[in-house]
Amino acid sequence: MNARPEPRELLYEGKAKQVFACDDTDLVIVRYKDDATAFNAAKRGTVQDKGVVNNAVSAMLYAELESFGVPTHFLEQLSPREQLVRRVSIVPVEVIVRNRAAGTFATRYGVEEGIELDPTVIEWCYKADALGDPPMNSATAVALGLADEAQLEAMFDYAADVNDFLGARFAVAGLELVDFKLEFGIDAAGELRLADEISPDTCRLWDLASGEKMDKDRFRRDLGGVEEAYQEVWRRLRETQGVPLDLPEHDEAELEHEHLDELHDLDDDSLDAALPRPGGPRG
Ligand code: AIR
Ligand code: ASP
0 MNARPEPREL LYEGKAKQVF ACDDTDLVIV RYKDDATAFN AAKRGTVQDK
50 GVVNNAVSAM LYAELESFGV PTHFLEQLSP REQLVRRVSI VPVEVIVRNR
100 AAGTFATRYG VEEGIELDPT VIEWCYKADA LGDPPMNSAT AVALGLADEA
150 QLEAMFDYAA DVNDFLGARF AVAGLELVDF KLEFGIDAAG ELRLADEISP
200 DTCRLWDLAS GEKMDKDRFR RDLGGVEEAY QEVWRRLRET QGVPLDLPEH
250 DEAELEHEHL DELHDLDDDS LDAALPRPGG PRG
């Protein structure tokens, strides 16, 4: 039997997690903290046992996503606050998936929180705390050298698959998946993998019966009952582990089509249509 991997030096400390080296240089240990920040760390606090809940929730969902066919960084949960993951280099593109309008989307477009978004909106944000993680399109991500077109395409397709799976997974737990953020990384073999965490810190989850918020918005908006909401999400996920999911039909053609629209936002035809052409028809 292999010895249990031990955390060695601290490689990185983020707002909610620490990352430690271990003896195998292809792997790292992630430790989940109780620290909470919001609005790009303008608001700070702690949520008791948040690290324990997020580690457990994330470990369970990542293992399930691997079985569903999404490659992830996750290997195993080591302790209440620690998990062993593959070491990846994070792609500095945050992927936001929105099934309903909420948060910055509702503010940006002046729409009411809760309206259904059809089709599901998948957005890129530049992962740069100093800039407040600004939204960007695919051309910007490529032009800034953050990712190439093939990586964006793969991230888009994985994000859609993750949304299908998580939407059904949270539904059996009596929760609606309103929106969430994903991050991806490149492993030692050059493979793109889902990385970071999936938890009430990174997803908006509304109780399917009452509409009550069961996620980090309770902290962001001072709604109270933050600890209880996190614990309740974990309790429901644990209780519904193994319950068969009602997964949506996968429409490959439709996904491919939406995806191409996204990537070719600024292709030649749309530029031609937008710009006056010298010598061409005018008016
Ligand atoms: N998110 C974005 N940055 C960090 C996180 N956790 C998540 C939020 C929300 C979704 O992305 O938790 O689920 C959209 O966030 P916003 O603030 O853009 O509305
Ligand atoms: N986690 C991010 C922050 O600390 C964004 C958020 O969740 O609101 O600012």
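Under numbering that gives the first Met the number 0, think of the first position of the sequence shown as 0, with each following residue one higher. Positions of the beta carbon are idealized from the N, C-alpha and C atoms, including for glycine.
- Linking G50 to A127 through their CA atoms gives a straight-line distance of about 23 Å.
- The beta carbons of L207 and G173 sit about 5 Å from each other, so the pair counts as a contact at 8 Å.
- The shortest C-alpha to C-alpha distance from L246 to any of E122, A20 and D160 is the one to D160.
- Between L204 and E182, the C-beta spacing is not below 8 Å.
- Y125 has V92 as its beta-bridge partners, per DSSP.
- Straight across, the Cα-Cα distance linking V141 with D156 is about 17 Å.
- Around the beta carbon of E81, 16 or more other beta carbons lie within 10 angstroms, which makes this residue buried.
- Sixteen is the threshold: since fewer than 16 other Cβ atoms of the shown chains lie within 10 Å of the Cβ of L130, the residue is exposed.
- For T36, the CB falls within less than 7 Å of some heavy atom of the ligand ASP.
- Where E148 is concerned, the enclosing alpha helix (DSSP H) starts and stops at E148 to V171.
- Burial check for Y31: the Cβ neighbour count within 10 Å reaches 16 or more, so the residue is buried.
- Membership of G44 in the beta strand (DSSP E) is indicated by the continuous run K42 to T45.
- Under the DSSP assignment, K14 falls outside any beta strand (DSSP E); it carries neither an H nor an E label.
- In the DSSP annotation of this structure, the continuous segment of the alpha helix (DSSP H) that includes G50 starts and ends at K49 to F67.
- DSSP places G184 in the strand class (E or B) of the three-state scheme.
- If you check the C-beta of T201 against the ligand AIR, you find a heavy atom less than 7 Å away.
- Under a 10 Å Cβ-count criterion, G109 is classified as exposed, with fewer than 16 other Cβ atoms of the shown protein chains found around its own Cβ.
- Burial state of N39 is exposed, judged by a 10 Å Cβ sphere holding fewer than 16 other Cβ atoms.
- Around the Cβ of P118, a 10 Å sphere holds fewer than 16 other Cβ atoms; the residue is exposed.
- Straight across, the Cα-Cα distance linking T239 with S198 is about 16 Å.
- Per DSSP, V84 lies in no alpha helix (DSSP H) segment; the continuous beta strand (DSSP E) that holds it begins and ends at E81 to R85.
- Using a cutoff of 7 Å, the CB of I95 counts as near the ligand AIR, since one of the ligand's heavy atoms is closer than that.
- With respect to the 8 Å criterion, V94 and A158 are classified as neighbours on the basis of their beta carbons.
- With 16 or more other Cβ atoms inside 10 Å of its own Cβ, Y229 counts as buried.
- By the beta-carbon neighbour count (other beta carbons within 10 angstroms, threshold 16), D23 is exposed.
- For A138, the three-state secondary structure derived from DSSP is helix.
- When distances are taken from the beta-carbon of G102 to the heavy atoms of the ligand AIR, the shortest one is below 7 Å.
- In the assembly as shown, P243 is an exposed residue. Its beta-carbon has fewer than 16 other beta-carbons within 10 Å.
- Annotated three-state conformation of E226 is helix, per DSSP.
- By DSSP's assignment, W205 forms a beta bridge with E175 and K212.
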